[in-house]
Structure formats: structure tokens, C-alpha cells
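First to last, the sequence lines map onto chains C and S. Counting in the working numbering, the first sequence runs from 8 upward without gaps. Counting in the working numbering, the second sequence runs from 14 upward without gaps. Here the structure comes first, spelled out in C-alpha cells, and everything after it is commentary.
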Amino acid sequence: MLAKTDTVIHTNDLNIYYGDFLAVRDVSIAIPNNAITAFIGPSGCGKSTVLRCFNRLNDLIKSFRLRGNVQYHGQNLYAPEVDPVEVRRRIGMVFQKPNPFPKSIYDNIAFGPRLVGYKGNMDELVERSLRGAALWDEVKDKLKESGTALSGGQQQRLCIARTIAMQPDVILMDEPCSALDPISTLKVEDLLQELKEKYTIIIVTHNMQQASRSSDYTAFFNVEQTPKGRTGYIVEYDRTEVIFQSPKEQATQAYVSGRFG
Amino acid sequence: MALSNQQVTEIKRARSPLARQLDSGFVWLTGMFAVGVALVLVAIAVRVGWEALPAIQQFGAGFLTSSRWDPVEDIYGALPQIYGTLVSSLIALLIAMPIGIGVAIFLSEDFLPNKIQRPIVFMVELLAAIPSVVYGLWGIFVLIPILRNMGVALNAGLGWIPLFSTRPTGPGMYVAGVILAIMILPIIAAISRDALVAVPPELRQASYGLGATRWETLFKVILPAAFSGIVGGIMLAMGRAMGETMATTMVIGNANKINPSLFDQGSTIASLLANQFAEASGLQISSLMYAAFVLFLITLIVNVLAELVVRRVRMKV
Ligand SMILES: Nc1ncnc2c1ncn2[C@@H]1O[C@H](COP(=O)(O)OP(=O)(O)O)[C@@H](O)[C@H]1O
Ligand SMILES: [Mg+2]
């Protein structure tokens, strides 16, 4: 295999616990390079939990434990010598609720690059990132204004711009459109197609159309009741056309056609 | 689609007249409380100003620059007290601000398990409930002996610095500063902690998600987001320190003089009032009122400045 593999993230029998509670079990998945992979499934089946394992954001939760391994370009992300801060600089994240800092638009974008002591031209980087998130034309005259004064859809694109300013390798998106109106949602979806030229994207979504329209691969998660609580698992993972048109599992078929429950 | 007349009356009748009257009555009542509080403030200011009027006419602005407090000749000036008020509160702030904010950071992050953190938060807040006369007594019997030894050493070693240029005798400006620092510490710590805790957790996630470390997150995201709350706490504490009477009077020495040395004795506006009000009459009472009025104004100026700082910073970040 190449140093920069076709598979960016690879998990093998991953089990994720919060305390004693097994939240997700047996996750084995290979996320391909420069493609959009969607995670779909009912609430509470562990989509966010798995996503947050990929940039070690779950480390912040005290009760979090993980068994199995997550490989990033062949490197075990949870090896003791791996620095989670460094991981998060390469694997960026966009959250469900837009969360710009209460700082100017400019400073929101410059925040990450300043952390790593970016030496290049900051103005250029800010412009490039905002263009990359299809927000430049709307905010170019008010870069000094607060990021929190933008509309919800603009805030979310600002958060995307802030993430790509770090020039990451992978972008994780946890239901990035769930708080947005339909027009803003379409804008973000268009943006996804542009972003996948450069980045590997993993997106959690509740919106079936969004998954089928935007993604190349889809993983369908489900939950089952166990004595210790509700544990999530991946039912089926395949190319998006397969998941939506000819899934192998009955449950997948039921979910994607809206007959679920 | 138009509504029928019947439907329109139904909309109008949806709530009983009594409910609506109670509703507007409640709005009036709370409105009057709000206005009432503001009126009390104005009334106090007017009254103090009115009582001070003879002294204001007699001494004018010279009251602020004169150090003479002479009941025999009936000539008054409050410069040493204005100086003492500002200096003792400033010492208190310089000590209490870093410690209080540090305590707030420590108690708002998850350094400690909840079971230990909660009692500590409670105890810090309890510091604010100790009566000031108790602080004063503690200051006289515990703090002064400790501080005097440190002061003597400082004076011996660094006596060439004007701040340490006299030998501490016991009570003095520095004792007042330290006592006030302890008294305002819980205010700064509690309000700053509330402000830090109120920062939305999403911001913390965003910062970590961009590859910030814990300390970068704290200093570049959490503290700036909590800035206005923290400044609010500091201002409240400053107001408390400038107005604090009992403890200050017990440990500051009550000397009518200005000395750059912190080990010398001094007085504040509040301690002046406490010491003299009982036996004062005539122009002396009026002068005390004038001093009180000045304290009022200083507090007001400090608050306005704080508001400006907060706005300035909010525009920048
Ligand atoms: N911080 C946490 N502590 C304990 N349990 C959690 C935590 N976060 C999520 N869970 C649990 O893990 C399961 C999966 O949650 P989540 O990953 O948020 O699901 P999804 O994103 O698919 O809706 C749920 O049962 C949820 O209650
Ligand atoms: Mg989720």
C-alpha cells in the first residue's frame, strides 16, 4: 500500500463504552480517501460516538473507554505516543449546532492557524478559507464583525471555513444541517461536493435525501436492547447506491424507505 | 381565509378579564419595584448632596485637594481619605484579582471530582458571609502580627523603595489592603466562576476540535468569553472595598496623612465617617457628607470605566 493509503480511517472490532455501558459494538469500517461517507441511523445508535472517536474528542468525556483500534493511515490513533491535539489538527470537526467563537469573523478563521504559529499570509488564508466555504462574498465587507451575528446557515459555513483553515486531511461533520433552513442546507450540500475534491468527509445525517444525494458511501447504524442498555452497531456499510437501492439487510431497506420502527 | 365573527369573539374571550387584569397588574407592580429601586438611589444621592451643600459652598473643589481636617478652625479637606480609599482598594484588587480568578478557573474546570469541588465552592462563597467586624478583630489579633514581621523584613531589605520606606508599627494601609483583599476574594471568585461556567460548552468543543490544548482553550476562548462577567465581579468587589467601613477602620490606623509608604497609617473616606460622625456637628457634618458624596462619585466613575472597558473589549473580540 501507499504511504497515503486509499483508506484513511480503518477500525477493527471497535467497542466503545461510557463507564460500564457499551454504547457501540463491533465497528469495523474502512473510510475511503477523498469521498463522502455518510452515517445514518436512528437517534442514540452511536453515530456521534463513533465519529468523535476519529478525532479523539471523546477523550474529554471522563467515562469514555474504547476497545479495539482505530487506524489513521495505518497509525493506531490510540497508541500512547499519539498526541490527541495533533490528531485534531488533521481531523477537523463541524458540529451539529453552529458554534462560532464570540470573536470577529476574521479571528474565528485565524484561531486555528494562530495556534500552530502559521507563518504565511493570514489575510490570504482567511480569504481562501472563506471562499472554500462559499461564504466570502457574503462577509468580505464585514470581517471585523462578530461571527455570532451571522445567520445560522452563515455561522455553520463559518465553522466549516474555520475547519478548512487548518488544512486538515479529514473533516468530520455531525449533523451539520440539522439546525439550518432548507436553503442553507442546500448551500452546505453543494459545498460538500467541492470539499471532497480535497478532503475526506464523514457526515452524520438524519436526512435520507441528503445522504443519498451527497454521499459516496453510507453506513447504516441501528440499536438493540441489551441487559446493560441500548447498544449500537453497524448493520450495513456499502456504496450509497447499494444502501439506498438494493440493501442486503431488511432493516436497512425499511429505514431508507422510511418504514422504520 | 377570513374568520367568522363568532371565531373573532372566541379569540377575544380566550382569557378571562380577571386573568388579563392580573397580568397587567403584575407588569405594573414589577415595573414599580424597578423604578422604586432607582428612585431610592437618586433619593440617597440628593439627600447626601443636599446635606453636603454648605461644605461644598464653603470649600468647593479645594476640599478634594486639601489635607487639612480641622474641627477647631472648621476647615476641612479630604485628600488623604480619597487617597487612602483608592490605595487600600487598589492593594486589595491587586491581591484578590489574580487569586480570585485563579480560584474561579480551578473551580470551574474539572480538575477536581464533583464531590470535593462542591464543598470548596460553598466554602469560598461562605467567606462573603463573615461579618466585617469579625474580619476586623481577626485582622488585629492574627493578621497584624504576621504582616508586621513581613513588613519589618521588607523595610529592612527594600526600604529604599518608597512603598516600603517606613517601619511598620502595626495598623496601616497594608493591613487594610490585605484584609480588604480577603473580604472581596469570594466576590471575585464566585462571580468569575459563574461567568466561566456559563460559557457554552460548544465553544470548548470547537476549540478542542481545532486542535487547541486545554490551556489554549482556557486563555483564548473561555476567559475572553467570560470577560464581561469577570469584570463585573471585579467592579462589584472594588465597590465593596471602597465602601467597607468596619474592618478598615479597625486596622488602618486612622491617621490623617498621605505617605507613599504602605506601612504607614492612613484613613479612608469610610473610616473617616465612622470615626467622626457620632460627635460631629454643623459644618463638620456637612463636610463628612461632602466626603460621602465624593465616595459616591468615585464608585460611579469606577463603574462607568468598567462598562467602557467591557464594551471596548467586546467590540474587539
Ligand atoms: N457523554 C456521554 N456519557 C454517557 N453516555 C453517552 C454520552 N454521549 C452519548 N452517550 C450515549 O451513547 C449512546 C449513543 O449516543 P450518540 O453517539 O449521541 O448517538 P447518535 O449520535 O447516533 O444519536 C446513547 O445511548 C447515549 O445516551
Ligand atoms: Mg448524534
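Note that beta-carbon positions come from the ideal geometry of N, C-alpha and C, so glycine has one too. These figures come from a predicted structure and were not determined experimentally.
{"Query": "Three-state secondary structure assigned by DSSP to S/Pro-184", "Result": "coil"}
{"Query": "Within chain A, partners of S/Leu-125 - CB distance below 9 Å", "Result": "Looking at the structure shown, chain A is missing, and the protein chains on hand are C and S."}
{"Query": "Check whether S/Val-155 and S/Met-259 have beta carbons under 8 Å apart", "Result": "no"}
{"Query": "As assigned by DSSP and simplified to three states, the class of C/Pro-39", "Result": "strand"}
{"Query": "Where the segment 121-146 of chain C meets chain S: residues whose CB sits under 8 Å from a CB there", "Result": "Leu-122, Val-123"}
{"Query": "Any chain C beta carbon closer than 8 Å to S/Gly-245", "Result": "no"}
{"Query": "S/Gln-278, DSSP secondary structure in three states", "Result": "coil"}
{"Query": "Contact under 8 Å by Cβ, C/Ile-36 with C/Thr-18", "Result": "yes"}
{"Query": "C/Leu-193 vs C/Leu-58 beta-carbon contact at 8 Å", "Result": "no"}
{"Query": "C/Arg-96 to C/Gly-159 span [Cα, whole Å]", "Result": "25 Å"}
{"Query": "Within chain S, partners of C/Lys-205 - CB distance below 8 Å", "Result": "The premise fails here: C/Lys-205 is roughly 18 Å from chain S at the closest Cβ pair, so nothing lies under 8 Å."}
{"Query": "Minimum Cβ-Cβ distance from S/Ala-211 to chain C less than 8 Å", "Result": "no"}
{"Query": "7 Å Cβ shell around S/Val-100 - same chain, five flanking residues per side excluded", "Result": "Met-186"}
{"Query": "Interface flag, S/Arg-324 vs chain C, CB-CB below 8 Å", "Result": "no"}
{"Query": "C/Asn-41 versus C/Leu-29, C/Lys-54, C/Tyr-206, C/Arg-121, residue with shortest Cα-Cα distance", "Result": "C/Tyr-206"}
{"Query": "C-beta neighbour in chain C for S/Ala-208, strict 8 Å", "Result": "no"}
{"Query": "From C/Gln-257, C/Gln-252, C/Thr-247, C/Ser-253, residue whose alpha carbon lies closest to that of C/Ile-47", "Result": "C/Thr-247"}
{"Query": "Opening and closing residue of the alpha helix (DSSP H) in which C/Met-180 lies", "Result": "Where C/Met-180 is concerned, there is no enclosing alpha helix (DSSP H), although the beta strand (DSSP E) it sits in stretches over 177-181."}
{"Query": "Contacts that S/Gln-130 makes with chain C (C-beta to C-beta distance below 9 Å)", "Result": "The contacting residues do not exist; S/Gln-130 stays about 13 Å from chain C at best."}
{"Query": "Exposed unless 16 or more other CB atoms sit within 10 angstroms - verdict on C/Ala-10", "Result": "At C/Ala-10, the pLDDT of 43 sits below 50, so the modelled position is not reliable; the number obtained from the coordinates is stated separately. The residue in question, C/Ala-10, is exposed, as its Cβ has fewer than 16 Cβ neighbours within 10 Å."}
{"Query": "Beta-carbon gap between S/Gln-278 and S/Ala-268 smaller than 8 Å", "Result": "yes"}
{"Query": "The beta strand (DSSP E) enclosing C/Phe-228, as first and last residue numbers", "Result": "224-233"}
{"Query": "Residue closest to S/Val-315, alpha-carbon to alpha-carbon, out of S/Gly-113, S/Asp-83, S/Leu-103, S/Ile-88", "Result": "S/Leu-103"}
{"Query": "Candidates C/Asn-214, C/Asp-130, C/Ile-68, C/Gly-119: closest to C/Ile-3 by CA position", "Result": "The question about residue 3 of chain C has no answer, for chain C in this structure spans 8 to 268."}
{"Query": "Cβ pair S/Val-234, S/Leu-216 closer than 8 Å", "Result": "yes"}
{"Query": "Distance cut-off 7 Å: C/Val-34 Cβ against heavy atoms of ligand 2", "Result": "no"}
{"Query": "Neighbour flag for S/Gly-2 against chain C, beta carbons, 8 Å", "Result": "Only positions 14 to 330 of chain S appear in the structure, and residue 2 of chain S is not among them; the question remains open."}
{"Query": "Same chain, Cβ closer than 8 Å to C/Asp-197, neighbours up to 5 away in sequence not counted", "Result": "Ala-141"}
{"Query": "Interface flag, C/Arg-95 vs chain S, CB-CB below 8 Å", "Result": "yes"}
{"Query": "CA-to-CA distance, S/Ala-219 to C/Asp-27, given in whole angstroms", "Result": "28 Å"}
{"Query": "CB of S/Tyr-221 within 8 Å of CB of C/Leu-67, strictly", "Result": "yes"}
{"Query": "Contact test: C/Lys-235 Cβ vs ligand 2 heavy atom, cutoff 7 Å", "Result": "no"}
{"Query": "Cβ shell of S/Ile-89 (< 6 Å), same chain only, five flanking positions each side left out", "Result": "For the sequence presented, residue 89 of chain S should be read as Tyr rather than Ile. So the qualifying residues of the chain are Trp-82, Ser-300."}
{"Query": "In DSSP terms, what C/Leu-29 is bridged to", "Result": "C/Tyr-24"}
{"Query": "S/Glu-215: contacting residues in chain C (beta-carbon distance under 8 Å)", "Result": "Phe-102, Lys-104, Asn-106"}
{"Query": "For S/Ser-79: DSSP bridge partner residues", "Result": "According to DSSP, S/Ser-79 bridges with nothing at all."}
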